Amino acid sequence: MTPLETILQHFSLPKELYGQPFELHPLQVEAVNRVADWPNVGLFLDTGTGKTVVEILLSLYRLINGAETAIIIMPPTLVTQWGKWLARVKRIDGSDLKVVEYVGTPTVRKGLSLQADFVLVGIQIFKLDYDRFVKHFKGRKYHVAIDEATMLSNINTDSHEKVFDFCQGMTQDLLTGTPVSNPEDAYGILKFTYPGCYRSKRAFENVHVTSYDFWGKPSVWENLDILKKNLETNTVRVLFEDMYPDAEQPLFIALPYTLDKAHIKLYRELAEVKLLEVEDEQKIDAVQAGKLTHALGQIILNYGHFAGDEKKKSRTLDVIEQRIKEINSKVVVFANYRMSISLLLRRFEHYRAVAINGDVNDKQKQAAVSRFVEDPACRMIVIHPKSGGFGLDGLQHVSHHIIFAEPVQSPSVFHQCVARLKRTGQRKRVAVTLLSAEGTVQNRAVQNLIKNDTIAGQVIDNAISLRAAVFGQ
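The working numbering puts the last residue of the sequence shown at 474; the count rises by one with no breaks.
Encoded structure:
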């Protein structure tokens, strides 16, 4: 008997999903049966290929085999979606699973029981209540799954440390469609999926790094074929194109433009000031360099604010307006800064623009999505890449155009953003426009995105080579 057959003897899946008949795809069945008995699993299923249902099945299998509880740790915005999916799963006698959505104020959380089949918890709350989780589950057998597991790739974070310690000795699954943005990310992932592969971070770098940049970050990599093989150990990889071979690849459009003379002059003047501020710190490290990049990045779209005259408008706005007129349909716009998102909402009020960023809660986020999907007059939704770049569903039913008003440098974040439209239910070819202002930090940002994507492609299989898509290579 296969693991899936065992699961379906104890539990039943929904017959319909989103109004459509539901049945497992053969690749999902293969994934479950292949990894169900592995203690450490990398579930590297592309967005839109059903990694949530695959993990639910794997968690149920762990419950059948003695785990008391499956703890699913995730970005907080995904808790509600996981809860809705699990509400559709029943025991074979028709009874419900006991699912605890571990959210709310400290007082509310104190009243929630951890005695459940599934506990769904956001990463921040998990860290806040870490001692309670450790105390409750001490001496018990449990299963841990981490959704959007790239949040654990940096081994120097509290998230990585606490989740890694909590997983010790237990079955553990890492879920992500974009495992690495660069080879350095791989080490943090491998600590979970292939423990003992490298004795330490230094051992990892001895094998794969040949030189470092000015900031002390790895700049030249080697033996990436070995790293790729290690990442494939204890993992299953399913691409959207594997599951839907007839789906068209997105069209990527690089759209450079020039700022007007007064704007670029102001940009350079402020850049000199920012550089002097950094140099005054005497030690220029990667953190300072990042702050400088973000400071300069905001000047490009928010010309009026930095000029002290709100009547002055960045040419970026005209480029976006022109692109929307060419598109003549609903569009998803990504921007990196609160200031930029606020400006875009004001400037494109005539399109009834709505926004999703770090300032909105789950209810407000869903309201914005619903308005964009259901209101014909609402033609634009503006999204912060890390606030709405994952976990959003439904946009693909009304839009197939994306504009990056400000570029992102992380390939995993970029591909997650694109996956808001390139997913099940999309009926048209997705078009992605990348704007970059000539002579600014945005040029380097786009170059870094393509460079990082090219390197990451040597480590993990991806359907799209961004360099090839943008430059036709």
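We put the beta carbon where it would ideally sit given N, CA and C, even for glycine.
Just so we're clear, the structure is a prediction, and the values are computed from it rather than from any experiment.
* Proximity below 8 Å, CB of valine 210 to CB of proline 219 -> In the sequence shown, residue 210 corresponds to position 209, counting from 1. In the sequence shown, residue 219 corresponds to position 218, counting from 1. Yes.
* Asked: Any idea which residues DSSP pairs arginine 238 with across the strands?
  -> To locate residue 238, count along the sequence shown from 1; it is residue 237. BP columns for arginine 238 point to Phe45.
* From the DSSP output, read off the bridge partner residues of proline 246. => As a working mapping, residue 246 is identified with position 245 in the sequence shown. Answer by DSSP bridge pairing: none, since proline 246 is not bridged.
* Asked: Exposed or buried, what is glutamine 283 when buried is set at 16 or more other beta-carbons lying within 10 Å of its beta-carbon?
  -> Counted from its first residue, the sequence shown places residue 283 at position 282. Residue placement at glutamine 283 cannot be trusted, given a pLDDT of 49 that sits under 50; what the coordinates show is reported in the next sentence. Result: exposed.
* Can you tell which of Asn303, Ala378 and Lys111 has its C-alpha closest to the C-alpha of serine 330? -> Stepping through the sequence shown from its first residue, residue 330 is reached at position 329. Here the closest residue by C-alpha is Ala378.
* Which listed residue (Ala88, Val80 and Asn444) has its alpha carbon closest to that of glycine 123 -> Residue mapping note: residue 123 aligns to position 122 of the sequence shown, counting from 1. Residue Val80 is the option with its Cα nearest to glycine 123.
* Status (buried if at least 16 other CB within 10 Å, exposed otherwise) for isoleucine 357 -> On the sequence shown, position 356 is the one that residue 357 refers to. Buried is the call here.
* To do: On the DSSP bridge assignment, give the partners of glycine 123 in chain order.
  => Position 122 of the sequence shown holds residue 123. Per DSSP, Met75.
* Spatial distance of phenylalanine 373 from leucine 393 (CA atoms) -> For this step, residue 373 is matched to residue 372 along the sequence shown. For this step, residue 393 is matched to residue 392 along the sequence shown. Distance between the alpha carbons of phenylalanine 373 and leucine 393: 12 Å.
* **Start-to-end residues for the beta strand (DSSP E) that takes in serine 330** => Translated into positions along the sequence shown, residue 330 becomes position 329. Here serine 330 belongs to no beta strand (DSSP E), and DSSP marks it neither H nor E.
* **Reduced DSSP category for glutamine 397 - H, G, I as helix; E, B as strand; rest coil** => Walking along the sequence shown from the start, residue 397 turns up at place 396. Three-state DSSP puts glutamine 397 in a helix.
* **Identity of the residue in Leu59, Asp94 and Ala255 nearest phenylalanine 119 by Cα** => For this step, residue 119 is matched to residue 118 along the sequence shown. Of the listed residues, the one whose Cα sits closest to phenylalanine 119 is Leu59.
* To do: Report the residue from Asn362, Ile328, Asp319 and Leu293 whose alpha carbon sits nearest the alpha carbon of leucine 344.
  => For the purposes of this step, residue 344 is taken as the residue at position 343 of the sequence shown. Comparing Cα-Cα distances from leucine 344 to each of Asn362, Ile328, Asp319 and Leu293, the minimum goes to Asp319.
* **Best match in Ser400, Ile72 and Ile227 for proximity to proline 251 [C-alpha to C-alpha]** => The residue given as residue 251 occupies position 250 in the sequence shown. That would be Ser400, whose Cα lies nearest to the Cα of proline 251.
* Cβ neighbour criterion (16 or more within 10 Å) applied to phenylalanine 215 -> Numbered from 1 along the sequence shown, position 214 holds the residue referred to as residue 215. With fewer than 16 Cβ atoms within 10 Å of its Cβ, phenylalanine 215 is classed as exposed.
* Supposed contact pair isoleucine 301 and threonine 317 - C-beta distance, whole angstroms, cut 8 Å -> The count along the sequence shown starts at 1 and reaches residue 317 at position 316. The count along the sequence shown starts at 1 and reaches residue 301 at position 300. That pair is a contact at about 6 Å.
* Among Leu14, Val431 and Val164, nearest to glutamine 397 - alpha-carbon criterion -> Here residue 397 corresponds to residue number 396 of the sequence shown, with the count starting at 1. Selected option, being the one with the closest Cα: Val431.
* Write down the C-beta distance between valine 332 and isoleucine 325 rounded to the nearest angstrom, noting that I regard them as a contact closer than 8 Å. => Along the sequence shown, read from residue 1 onward, the residue named residue 332 stands at position 331. Along the sequence shown, read from residue 1 onward, the residue named residue 325 stands at position 324. Right, their Cβ atoms sit about 6 Å apart.
* **Which listed residue (Gly305, Ala255 and Glu233) has its alpha carbon closest to that of leucine 267** => Residue 267 sits at position 266 when you count from the first residue of the sequence shown. Answer by Cα proximity: Gly305.
* **Within 8 Å, strictly: CB atoms of leucine 176 and leucine 61** => The residue labelled residue 176 in the question sits at position 175 within the sequence shown. The residue labelled residue 61 in the question sits at position 60 within the sequence shown. The answer is no: Cβ separation not under 8 Å.
* Consult DSSP for alanine 336 and reduce its assignment to one of helix, strand or coil. => As a position in the sequence shown, residue 336 is number 335, starting the count at 1. Here alanine 336 sits in coil by DSSP.
* Asked: How would you call tyrosine 188, buried or exposed, if buried means at least 16 neighbouring beta carbons within 10 angstroms?
  -> Translated into positions along the sequence shown, residue 188 becomes position 187. Tyrosine 188 comes out buried.
* To do: Hey, could you find the ends of the beta strand (DSSP E) histidine 11 is sitting in?
  => On the sequence shown, position 10 is the one that residue 11 refers to. Where histidine 11 is concerned, there is no enclosing beta strand (DSSP E), although the alpha helix (DSSP H) it sits in stretches over 4 to 11.
* With 16 other CB atoms within 10 Å as the buried threshold, where does tyrosine 213 fall? -> As a position in the sequence shown, residue 213 is number 212, starting the count at 1. It counts as exposed.
* In the DSSP assignment, what are the bridge partners of tyrosine 103? -> For the purposes of this step, residue 103 is taken as the residue at position 102 of the sequence shown. DSSP lists Val122 as partners of tyrosine 103.
* the ligand ATP heavy atoms versus the CB of glutamate 233: any closer than 7 Å? -> With respect to the ligand ATP, the structure shown offers nothing to examine, as it has no ligands at all.
* What are the complete alpha helix (DSSP H) segments, minimum 4 residues, inside the region 381 to 454? -> 386 to 389 and 412 to 419
* Asked: If you scan the region 166 to 201 from start to end, which runs of the beta strand (DSSP E) of 3 or more residues do you find wholly inside it?
  -> 172 to 176
* So who's on the other strand from phenylalanine 138, going by DSSP bridges? -> If you number the sequence shown from 1, residue 138 lands on position 137. Phenylalanine 138 is not bridged to any residue.
* Just to confirm, are valine 30 and leucine 64 a CB contact at a threshold of 8 Å? -> In the sequence shown, the residue the question calls residue 30 occupies position 29. In the sequence shown, the residue the question calls residue 64 occupies position 63. Not closer than 8 Å, so no.
* Asked: Secondary structure at glutamine 459, three-state DSSP: helix, strand or coil?
  -> Within the sequence shown, the letter at position 458 stands for residue 459. Correct three-state label for glutamine 459: coil.
* Asked: Hey, quick one: how far does the beta strand (DSSP E) through alanine 146 stretch, first residue to last?
  -> Along the sequence shown, one-based indexing puts residue 146 at 145. It spans 143 to 148 - the beta strand (DSSP E) in which alanine 146 sits, taken as one unbroken run.
* To do: Determine the direct distance from the alpha carbon of lysine 262 to that of proline 76, and round the result to whole angstroms.
  => The count along the sequence shown starts at 1 and reaches residue 76 at position 75. The count along the sequence shown starts at 1 and reaches residue 262 at position 261. Each residue's Cα considered, the two are about 42 Å apart.
* To do: For the alpha helix (DSSP H) holding threonine 478, just list the boundary residues, first then last.
  => Any answer about residue 478 is impossible in this case: the structure gives the chain only from 2 up to 474.
* Select from Thr3, Ala32, Ile72 and Val90 the residue whose C-alpha is nearest the C-alpha of leucine 18. => By one-based count along the sequence shown, residue 18 stands at place 17. Checking every option, the nearest Cα to that of leucine 18 belongs to Val90.
* State the CB to CB distance for the pair leucine 46 and valine 36, rounded to an integer number of angstroms; the pair is presumed to be in contact (CB under 8 Å). => Translated into the one-based positions of the sequence shown, residue 46 becomes position 45. Translated into the one-based positions of the sequence shown, residue 36 becomes position 35. Not confirmed; about 11 Å, so no contact.
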